[in-house]
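Please read the structure below before turning to the comments.
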Amino acid sequence: MYFNKRYARVGSLFQGRYKAVLVDNEMQFLYLTKYIHRNPLDLSDYTSSNLLDYPYSSYRNFASIIHQSWIDPSDIIYRYSKNNAKHTYQNFVEESREITTEIETLDNLTLDWET
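Take 1 as the starting number for the sequence shown in full-length UniProt numbering and just add one per residue.
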């Protein structure tokens, strides 16, 4: 708001207006985490195919590559398996199937490619 007043402009500063997504079941929640962690693969300037190489994501915390005290992935990864949960979650995120095809099968989930 300050920026708009200062420079005599209106509207959102960056992209479009904020869009909230209601996640109302377990499957949507889990696929949403996959969608978020796979986002670096869609960046034009990200040349690696390894998600663990991307430094600006919490995914490396989920895979136990790094540990930051303010990120607690346990609530998400332990939904997959009690034994070897981190490996199971990592396989889920990195599997090669097209995520848009998977998410299209979920009811009432709207992500950024839909309006």
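Virtual Cβ for every residue (Gly too), placed ideally from N, Cα, C.
On the DSSP letters alone, give me the boundaries of the alpha helix (DSSP H) that GLN28 sits inside.
For GLN28, the uninterrupted alpha helix (DSSP H) segment begins and ends at 26-38.
Using three-state DSSP, classify THR47 as helix, strand or coil.
Coil.
Let me know the secondary structure DSSP gives HIS67 once reduced to three states.
In this structure, HIS67 counts as coil in the three-state DSSP scheme.
Take the Cβ of ASP107 as the centre, count every other Cβ of all protein chains shown within 10 Å, and call the residue buried at 16 or more, exposed below.
Model confidence at ASP107 stands at a pLDDT of 48, short of 50, so the residue's coordinates are unreliable and nothing is read from them.
Run through DSSP, which three-state label would LYS19 get?
In the three-state scheme derived from DSSP, where H, G and I count as helix and E and B as strand, LYS19 is classed as coil.
First and last residue of the alpha helix (DSSP H) that includes LYS82?
It is not in any alpha helix (DSSP H) - LYS82 carries neither H nor E in the DSSP assignment.
Between the region 31-50 and the region 64-71, can you find at least three pairs of beta-carbon atoms closer than 8 Å?
Below 8 Å, too few C-beta pairs join the region 64-71 and the region 31-50 to call them touching: fewer than three.
Give me, in chain order, the residues of the same chain whose beta-carbon lies closer than 7 Å to that of ARG60; leave out the 5 immediate sequence neighbours on both sides.
Excluding positions up to five away in sequence, the list reads LEU52, ILE66.
Tell me the residue span of the alpha helix (DSSP H) that contains TYR7.
Per DSSP, TYR7 belongs to no alpha helix (DSSP H) and is neither H nor E.
Please classify THR33 as buried or exposed, where buried requires at least 16 neighbouring CB atoms within 10 angstroms.
A buried status is given to THR33, since no fewer than 16 other beta-carbon atoms sit within 10 Å of its beta-carbon.
Would you report the Cα separation of TYR80 and ARG9, rounded to the nearest angstrom?
TYR80 and ARG9: Cα-Cα distance of roughly 47 Å.
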